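K.L.:
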Amino acid sequence: VTGVQTCALPIYECRAKGIFRKEKIKPLPGDNVEISPVQDEEKPAGNVDAILLRKNVLIRPAVANVDQALVIFSVHEPEPNFHLLNRFLITMEQQEIPVIICFNKTDLSTEQQQEQLRKDYENSGCIVVFQAAAKGEGVTQVEELLRGKTTIMAGPSGVGKSSTLNCISKDRQMETGEVSEKIKRGKHTTRHSELIYIGEDTYLMDTPGFSSLFLENIEKEDLKYYFPEFTPYENTCKFNGCCHIHEPGCEVKKALEEGKISKMRYDDYCMFYEELAQQKKW
Ligand code: GDP
Ligand code: ZN
580 VTGVQTCALP IYECRAKGIF RKEKIKPLPG DNVEISPVQD EEKPAGNVDA
630 ILLRKNVLIR PAVANVDQAL VIFSVHEPEP NFHLLNRFLI TMEQQEIPVI
680 ICFNKTDLST EQQQEQLRKD YENSGCIVVF QAAAKGEGVT QVEELLRGKT
730 TIMAGPSGVG KSSTLNCISK DRQMETGEVS EKIKRGKHTT RHSELIYIGE
780 DTYLMDTPGF SSLFLENIEK EDLKYYFPEF TPYENTCKFN GCCHIHEPGC
830 EVKKALEEGK ISKMRYDDYC MFYEELAQQK KW
C-alpha cells in the first residue's frame, strides 16, 4: 500500500497493480503517478495506473525525483566527521544531486570556527548554511532552500535533524493544520521511508543516518572530478592526466599552498585516492 498525494489533497491509499510487479518496477517515494480512485467507505483509495517518467532514482535511500540533499552536521557535540561528510559529497556528486551543507548548533561554536568551515567548503560546489535549530536561529534559510523541492535529509545521529524538522514543520502546521492530520494518517500506511510534506511542492525525506559510506564505481583517476574546487586547475597542470598528488608542476598543489584549496578537503582527496587504489588490487 502506498500513500499518494493528489493535487486536491487528501492522501489516497493506493495499491500498485500486478503489472508493475511483472515489469519489476515498483513505486518509490517521490514518484509522480497516475491513479484511478476506487470506492472505499473509510478513506480515499485508488490504484496506481502508471509511474511517470523519473528525473532520477537514488539507490540508498530508494527514492525518485530528488532535487537536492540537505546534509546536517553539528559544529560541536558531536564533532563533525569531515571524512564522512566528504564521502557523502562524493556520492552525491556521482548522482548529480546538489547538496546543502547545514552546520547546526552554532550556539556552541565561535565565529572563527564557522569562518573555517565556510572556507573549507566555499568552493566545494555546495551551499553552506549555519543554524541553531534548538534556538530557532537561522532556520528560515533552510526553509527557503527547501521550498518547491524534494530534498533528502541526511546526517549522523545527534546533530539536530529532528530539531530542524520540528522547526520547519511547526510552521507548516500553523499554515495548514488541517492537512497535517491527513498526512499523519497516510504515514502509517507506508512500509519504507517516506516523504514528509512540508508545503506546496515541498517534500523532505529523512534518510537513515549513515555510518560508513563506501566509495563505489569510481576509478581513482576520476576521483578528482568529484572535487569541484579542483576544476579551475584541470588542464593547467604540467602533466596531462595529472592526479594532483605526486606530479611536479601541479596547479592544484600550488593552489593548495596558496590557500585557495582547503587542506582538509585535499587531504581527504589523497586518502580516498589511496583507498580506491587499494580496492583495485583485490
Ligand atoms: P538528530 O538525532 O539528528 O535528530 O538530533 P536531535 O534533533 O534529536 O538533537 C540531538 C540533541 O541536540 C538534542 O538534545 C537537541 O536538543 C540538541 N540540539 C539540537 N539543535 C541544537 C542547537 O542548535 N544547539 C544546541 N546547543 N543543541 C541542539
Ligand atoms: Zn595537478
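So the sequence shown is numbered by the numbering used here: it starts at 580 and just counts up by one. For every residue, glycine included, the Cβ atom is placed at its ideal position computed from N, Cα and C. On a predicted model such as this, the values are computed, not experimentally measured, just so you know.
On the DSSP letters alone, give me the boundaries of the beta strand (DSSP E) that residue 613 sits inside.
P.N.:
Position 34 of the sequence shown, counted from the start, is the residue given in the question as residue 613. Here the beta strand (DSSP E) through residue 613 covers 612-617.
K.L.:
Going by other Cβ atoms of all chains shown within 10 Å of its Cβ, with 16 needed for buried, is residue 737 buried or exposed?
P.N.:
In the sequence shown, the residue the question calls residue 737 occupies position 158. Result: exposed.
K.L.:
What do you reckon, are the CB atoms on residue 582 and residue 774 nearer than 7 Å?
P.N.:
Here residue 582 refers to the residue found at position 3 when the sequence shown is read from its first residue. Here residue 774 refers to the residue found at position 195 when the sequence shown is read from its first residue. No.
K.L.:
Go through its chain and collect everything with a Cβ distance to residue 670's Cβ below 7 Å, but skip five positions before and after it.
P.N.:
Position 91 of the sequence shown holds residue 670. Taken in chain order, the residues that qualify are 792.
K.L.:
If distances are taken between C-alpha atoms only, which option among 695, 783, 697, 698 comes closest to residue 733?
P.N.:
Position 154 of the sequence shown holds residue 733. When only C-alpha atoms are compared, the closest one is 783.
K.L.:
Can you check the region 624-700 for any alpha helix (DSSP H) of at least 4 residues that lies completely inside it and give the ranges in chain order?
P.N.:
The region 624-700 contains these whole alpha helix (DSSP H) runs: 661-673, 690-700.
K.L.:
Should residue 638 go down as buried or exposed, given a rule of 16 or more other Cβ atoms within 10 Å for buried?
P.N.:
For this step, residue 638 is matched to residue 59 along the sequence shown. Burial call: exposed.
K.L.:
What is the C-beta distance between residue 798 and residue 816, in whole angstroms, given that I count them as a contact (C-beta under 8 Å)?
P.N.:
Numbered from 1 along the sequence shown, position 219 holds the residue referred to as residue 798. Numbered from 1 along the sequence shown, position 237 holds the residue referred to as residue 816. About 18 Å separates the two Cβ atoms, so there is no contact after all.
K.L.:
Beta-carbon distances below 6 Å to any heavy atom of the ligand GDP define the shell here; list its residues in chain order, please.
P.N.:
Residues flagged by the Cβ proximity filter: 683, 684, 686, 687, 711, 712, 713, 714, 734, 736, 737, 738, 739, 740, 741, 742.
K.L.:
Between 739, 820, 848, which lies nearest to residue 808 when the distance is taken from Cα to Cα?
P.N.:
Position 229 of the sequence shown holds residue 808. Cα-wise, what sits closest to residue 808 is 848.
K.L.:
Less than 7 Å separating the beta-carbons of residue 644 and residue 729?
P.N.:
One-based indexing of the sequence shown puts residue 644 at position 65. One-based indexing of the sequence shown puts residue 729 at position 150. For residue 644 and residue 729, yes; Cβs fall inside 7 Å.
K.L.:
As a quick exercise: from 718, 630, 626, pick the residue whose alpha carbon is nearest that of residue 556.
P.N.:
Only positions 580 to 861 of the chain appear in the structure, and residue 556 is not among them; the question remains open.
K.L.:
Would residue 627 and residue 612 qualify as a contact pair, given that the criterion is a beta-carbon distance under 7 Å?
P.N.:
What you label residue 627 is simply residue 48 of the sequence shown in a count that begins at 1. What you label residue 612 is simply residue 33 of the sequence shown in a count that begins at 1. Against a cut-off of 7 Å, the Cβ pair of residue 612 and residue 627 comes out as a contact.
K.L.:
Could you compute how far the alpha carbon of residue 697 sits from the alpha carbon of residue 618?
P.N.:
As a first step, residue 697 is located in the sequence shown; it is residue number 118 there, counting from the start. As a first step, residue 618 is located in the sequence shown; it is residue number 39 there, counting from the start. Looking at the two C-alpha atoms, the distance is approximately 55 Å.
K.L.:
I need the DSSP call for residue 734, collapsed to helix, strand or coil.
P.N.:
Along the sequence shown, one-based indexing puts residue 734 at 155. Coil, per DSSP.
K.L.:
If you measure from each CB to the nearest heavy atom of the ligand ZN and keep those under 6 Å, what residues do you get, in chain order?
P.N.:
For the ligand ZN, the selected residues are 816, 821, 823, 826, 829, 830, 831.
K.L.:
Contact check, residue 718 vs residue 689 under 8 Å by CB: the rounded distance?
P.N.:
Counted from its first residue, the sequence shown places residue 718 at position 139. Counted from its first residue, the sequence shown places residue 689 at position 110. Incorrect: roughly 21 Å between the Cβ atoms, too far for contact.
K.L.:
Helix, strand or coil for residue 806? Go by DSSP, reduced to three states.
P.N.:
As a working mapping, residue 806 is identified with position 227 in the sequence shown. In the structure shown, residue 806 sits in coil (DSSP, three-state: anything other than H, G, I, E or B).
K.L.:
When the Cα atoms are used, what is the spatial distance from residue 741 to residue 649?
P.N.:
Within the sequence shown, numbered from 1, the residue matching residue 741 stands at position 162. Within the sequence shown, numbered from 1, the residue matching residue 649 stands at position 70. Spanning the two alpha carbons is a distance of roughly 13 Å.
K.L.:
Can you check which of these residues, 828, 826, 845, is closest to residue 835 by C-alpha distance?
P.N.:
Position 256 of the sequence shown, counted from the start, is the residue given in the question as residue 835. Considering only alpha carbons, the answer is 845.
K.L.:
Near residue 702, which residues of its chain fall below 6 Å by C-beta distance, leaving aside the five closest residues on each side in sequence?
P.N.:
Within the sequence shown, numbered from 1, the residue matching residue 702 stands at position 123. Cβ neighbours of residue 702 beyond the five flanking positions: 808.
K.L.:
So which of 822, 691, 837 has the shortest CA-CA distance to residue 856?
P.N.:
The residue given as residue 856 occupies position 277 in the sequence shown. The option with the nearest alpha carbon to residue 856 is 822.
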